[in-house]
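In our numbering, the protein residues as written are 1 to 97. C-beta atoms are modelled at their ideal positions from N, C-alpha and C, and glycine is treated no differently. Small disclaimer: the values here were computed from a predicted structure and weren't measured.
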C-alpha cells in the first residue's frame, strides 16, 4: 500500500530499547514515582533509498510491558557460512525480525 499510494517502500528500521528512570514530564503524565522503571523505545525507519521516513519515540511503564522478539538466521550469513567465508564455521548470526 505504501508503495502504490505514496511511492516508497520501507527498507529497514533500527530500534533502541533503554531501561531507565522517568523524566519529570513522564512522572507527571504517567502518574508514576521517580524511581519507577520505564522502557524508552526510539525507532528510525528508512525507505529503499536510505532516507528516513519515520521517527518514533515511546515510553512504557517498565513493570507493565513485555517485549517479544522473533529471531531467525540471516540468509546472507548462512550463505557465507556455507561457502566457508567465516572463520567461525559454527557461528550463526541472527537478525531481529
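Throw me the rounded Cβ distance for the residue i and residue j pair, which I believe falls under 8 Å.
i, j, result
"residue 15", "residue 41", "6 Å"
"residue 24", "residue 32", "So it is not a contact: roughly 11 Å between Cβ atoms."
"residue 43", "residue 53", "The pair is not a contact, with the Cβ atoms about 11 Å apart (cut-off 8 Å)."
Do you know how far the Cα of residue j is from the Cα of residue i?
i, j, result
"residue 11", "residue 68", "21 Å"
"residue 35", "residue 4", "47 Å"
"residue 71", "residue 20", "25 Å"
"residue 73", "residue 27", "40 Å"
"residue 37", "residue 63", "7 Å"
"residue 61", "residue 13", "23 Å"
"residue 59", "residue 47", "25 Å"
"residue 66", "residue 29", "21 Å"
"residue 45", "residue 51", "8 Å"
For the ligand ZN, is there a heavy atom less than 8 Å away from the beta-carbon of residue i?
i, result
"residue 17", "The ligand ZN is absent from the structure shown, which contains no ligand whatsoever."
Just to confirm my understanding: we take residue i, look at its own chain, exclude 5 residues before and 5 after, and list those with CB closer than 6 Å. What are they?
i, result
"residue 18", "40"
Entirely within the region 20 to 78 and at least 4 residues each: give me those alpha helix (DSSP H) ranges in chain order. Counting whole runs of 4 or more residues, the region 20 to 78 contains the alpha helix (DSSP H) stretches 24 to 30.
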